[in-house]
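Written below as structure tokens is the structure these notes are about.
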Amino acid sequence: MVGGELGFFIDAQRCIGCRSCVAACGECGTHRGHPMIHLDELDRSASTQTGPTVCMHCEDPICAMSCPADAIKRTEDGVVHASQKPRCVACQNCELSCPFGVPIVLPGLEQMLKCDLCYDRSSIGLKPMCATVCPSQALLFAPRHEVAAMRNAQPLREFQVGSLTIRTRTAVMVPDPGTPLNLDAALLIEGGF
Amino acid sequence: MPGWKSLFPVDLAEEGRLSRREFARFLALVSAGFTGGIGYLMARRKPLDGAPETASAPRPRELRVARAEDVTPGNSWLFTYREPQDRCILVHLPDGRWRAYRQTCTHLGCAVRWDGSGLQCPCHNGYFEADQGLPVAGPPTRALSRLEVAVRDGEVWILGDLPKPGGKA
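Chains A and B supply the protein sequences, listed in that same order.
Residue numbers for the first sequence follow the working numbering, so the first one is 1 and each next one is one higher.
Residue numbers for the second sequence follow the working numbering, so the first one is 1001 and each next one is one higher.
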């Protein structure tokens, strides 16, 4: 158990690519054996750098707004949940609309599942499974006010995707949080990052 | 925010929330619907008791079942009355009078038959006399359902409704 207002912090610089988080994610009671976490090798030929992606739990969740079946809901604590099984039509709108690439429509299950912060655990103050097992604390679930003292990097909760500004509950640790991180995929493809 | 968006909120807590205004609107619409429906029913009902009834007057129920010459005295004639399952029997008594009964035996529902002097049920040997359909032998205790018969211009007519079976003898 940890005290204070809890936040989720992703620090890709600390990630060692051990995939513990992926294994632990599938063990979560609300995930029913399906890991929701994405662990990407960023540039495999040139670097060992890996980056974990969990749900950013946006203030205006684009996945939920794009859902035609009204299946994606956010609880009062700001956690955006996986789709409700009776409603989800597996249309993949959420997959396509999410700027972070979080939702997954699992083939065979025909339902969108995504990181819900291990709601069975985090709703009672426990850490999500990934944060529990991460050996390098690249995935950190801790009181927000303690993080600044623990790390040199600072949390960033605002991202720019084209003309859209996204504010999130989950934070990404960056050396300089002064300007919003531009996630425009078109710019990235053109090499203008 | 467009109006429909409030019906599909992202927040779970907002789902199913009903404002006072929405509830009042719902009540008003339902009440108006009921009032309108009842008004419509009132309007299409017949105007007043005692007013001249034209279209709704009951048509006399009559059915021509046979020609009188086809059923000689002492013989019977089977017919159905209005519905195919309502099997009935017309009897021309030896003294010239006409009788008609539902063919269903009042014991267990077998079809009775004319044996020349009365109506006999073959299932349990029940027996009905021909004049009023009263049971005179065997298990039946109730009379056969009787139909009104009239002979007009050499044709036999059944008048009135089919009586319900089960009148006490």
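Backbone N, C-alpha and C define an ideal beta-carbon position, used for all residues, glycine too.
Computed from a predicted structure; not experimentally measured.
Practice item. Determine the DSSP secondary structure at A:Thr132, reduced to helix, strand or coil. Key: Of the three classes helix, strand and coil, the one that applies to A:Thr132 here is helix, per DSSP.
Exercise for review: State the Cα-Cα distance for the pair B:Glu1155 and B:Gly1126, rounded to the nearest angstrom.
Suggested key: Across the structure, B:Glu1155 and B:Gly1126 are spaced so that their CA atoms are roughly 31 Å apart.
**Study point:** Members of the segment 53-66 of chain A that neighbour chain D once the beta carbon cut-off is set at 7 Å
**Key:** No chain D is part of this structure, whose protein chains are labelled A and B.
Check your understanding: Just reading off the beta strand (DSSP E) that B:Ile1089 is part of, what are its end residues?
Key -> Per DSSP, the continuous beta strand (DSSP E) segment holding B:Ile1089 begins and ends at 1087-1092.
Check your understanding: Going by the C-beta, is B:Gly1039 closer than 7 Å to any heavy atom of the ligand HEM?
Key -> This structure lacks the ligand HEM; in fact it carries no ligand of any kind.
Review point. Does A:Glu95 get closer than 8 Å to chain B when you measure Cβ to Cβ?
Key: For A:Glu95, the answer is no, since every Cβ of chain B falls outside 8 Å of its Cβ.
**Study point:** Interface flag, B:Ala1057 vs chain A, CB-CB below 8 Å
**Key:** Legend: pLDDT at B:Ala1057 = 48, less than 50; position of this residue unreliable, no value from coordinates given.
Check your understanding: With a cut-off of 8 Å, does the C-beta of B:Glu1083 fall near any C-beta of chain A?
Key -> Taking Cβ atoms only, chain A never reaches closer than 8 Å to B:Glu1083, which makes this a no.
Review point. Under the rule that 16 or more other beta-carbon atoms within 10 Å means buried, what is B:Gly1133, buried or exposed?
Key: B:Gly1133 is buried by the Cβ-count criterion.
Exercise for review: Please work out which residues of its chain come closer than 8 Å, Cβ to Cβ, to A:Thr50, disregarding the five sequence neighbours upstream and downstream, and give them in chain order.
Suggested key: Taken in chain order, the residues that qualify are Ala12, Cys15, Ile16, Gly17, Leu39, Asp40, Glu41, Leu42.
Exercise for review: Pull up the distance between the alpha-carbon of B:Trp1077 and that of B:His1124, whole angstroms please.
Suggested key: So the alpha carbons of these two residues sit roughly 22 Å apart.
Review point. Which residues in the same chain have their Cβ closer than 8 Å to the Cβ of B:Gly1118, if we skip the five residues on either side of it in sequence?
Key: Once the five neighbours on either side are set aside, the close Cβ partners of B:Gly1118 are Tyr1127, Phe1128, Glu1129, Ala1130, Val1136.
Point to revise | Simplified DSSP assignment, three categories, for A:Ile166 | key: The answer is strand: DSSP assigns A:Ile166 an E or B state.
Check your understanding: What residues in its chain sit with their C-beta under 8 Å from that of A:Val133, if we drop five residues either side in the sequence?
Key -> Cβ neighbours of A:Val133 beyond the five flanking positions: Ser20, Cys21, Ala23, Ala24.
Point to revise | Buried versus exposed call for B:Thr1141 [16 or more other C-beta atoms within 10 Å across all chains shown] | key: Answer is exposed; the Cβ neighbour count stays below 16.
**Study point:** B:Leu1027 versus A:Cys58 - alpha carbon distance
**Key:** B:Leu1027 and A:Cys58 have their alpha carbons spaced roughly 38 Å apart.
Practice item. Tell me, please, whether the segment 54-73 of chain A touches the segment 104-117 of chain A by the rule of three or more beta-carbon pairs shorter than 8 Å. Key: These segments touch.
Exercise for review: For the beta strand (DSSP E) holding A:Met112, just list the boundary residues, first then last.
Suggested key: In the DSSP assignment, A:Met112 falls within the beta strand (DSSP E) that extends over 111-113.
Exercise for review: May I ask you to verify whether the segment 1009-1029 of chain B touches the segment 56-76 of chain A, counting CB pairs closer than 8 Å and requiring at least 3?
Suggested key: Contact holds between the segment 1009-1029 of chain B and the segment 56-76 of chain A, because three or more Cβ pairs, one in each stretch, are under 8 Å apart.
Point to revise | Residues near B:Leu1159 in its chain [Cβ-Cβ closer than 6 Å; skip 5 each side] | key: Excluding sequence neighbours, B:Leu1159 sits near Glu1062, Glu1148, Ala1150.
Review point. Looking at the C-beta of B:Leu1029, does it have a partner C-beta in chain A at a distance below 8 Å?
Key: Judged by the 8 Å Cβ criterion, B:Leu1029 is not in contact with chain A.
**Study point:** As assigned by DSSP and simplified to three states, the class of B:Leu1147
**Key:** If DSSP states are grouped into helix, strand and coil, B:Leu1147 belongs with the strands.
Review point. Apart from the five residues just before and just after A:Asp77, which ones in its own chain have a Cβ nearer than 8 Å to its Cβ?
Key: So the qualifying residues of the chain are Ser123.
Review point. Taking DSSP as the reference, what is the three-state secondary structure of B:Tyr1081?
Key: In the structure shown, B:Tyr1081 falls within a coil segment according to DSSP collapsed to helix, strand and coil.
Check your understanding: When DSSP builds the beta bridges, which residues end up paired with A:Val174?
Key -> For A:Val174, which the question treats as bridged, DSSP gives the partners A:Gln154.
Check your understanding: Alpha carbon to alpha carbon, how far is A:Lys127 from A:Ala142?
Key -> Rounded to the nearest angstrom, the two C-alpha atoms are 8 Å apart.
Practice item. Ignore the nearest five residues each way along the sequence and tell me which others in A:Ser136's own chain have a CB closer than 7 Å to its CB. Key: For A:Ser136, where only same-chain residues beyond five positions count, the Cβ hits under 7 Å are Arg14, Cys15, Ile16.
Check your understanding: Which word fits B:Ile1038, buried or exposed, when buried means at least 16 other C-beta atoms lie within 10 angstroms of its C-beta?
Key -> The residue in question, B:Ile1038, is exposed, as its Cβ has fewer than 16 Cβ neighbours within 10 Å.
Check your understanding: What did DSSP end up calling B:Asp1131 once you bin it into helix, strand or coil?
Key -> Coil, per DSSP.
Check your understanding: Is it the case that the Cβ atoms of A:Val161 and A:Leu183 are separated by a distance below 8 Å?
Key -> Yes.
Review point. Buried or exposed: which applies to A:Phe8, given that a residue is buried once 16 or more other Cβ atoms fall within 10 Å of its Cβ?
Key: Counting Cβ neighbours within 10 Å, A:Phe8 comes out buried, since at least 16 surround it.
Exercise for review: Have a look at A:His145 and B:Gly1033 and give me their C-alpha separation to the nearest angstrom.
Suggested key: Cα-Cα distance, rounded: 58 Å.
Review point. Using 8 Å as the limit for Cβ to Cβ distance, is A:Thr165 near chain B?
Key: Against chain B, the CB of A:Thr165 has no partner CB under 8 Å away; the residue lies outside that interface.
Point to revise | Within chain B, partners of A:Asp70 - CB distance below 7 Å | key: Within 7 Å Cβ-Cβ: Phe1008.
Exercise for review: Spell out the partners DSSP gives A:Gln160 in its beta bridges.
Suggested key: Under DSSP, A:Gln160 forms a beta bridge with A:Thr165, A:Asn182.
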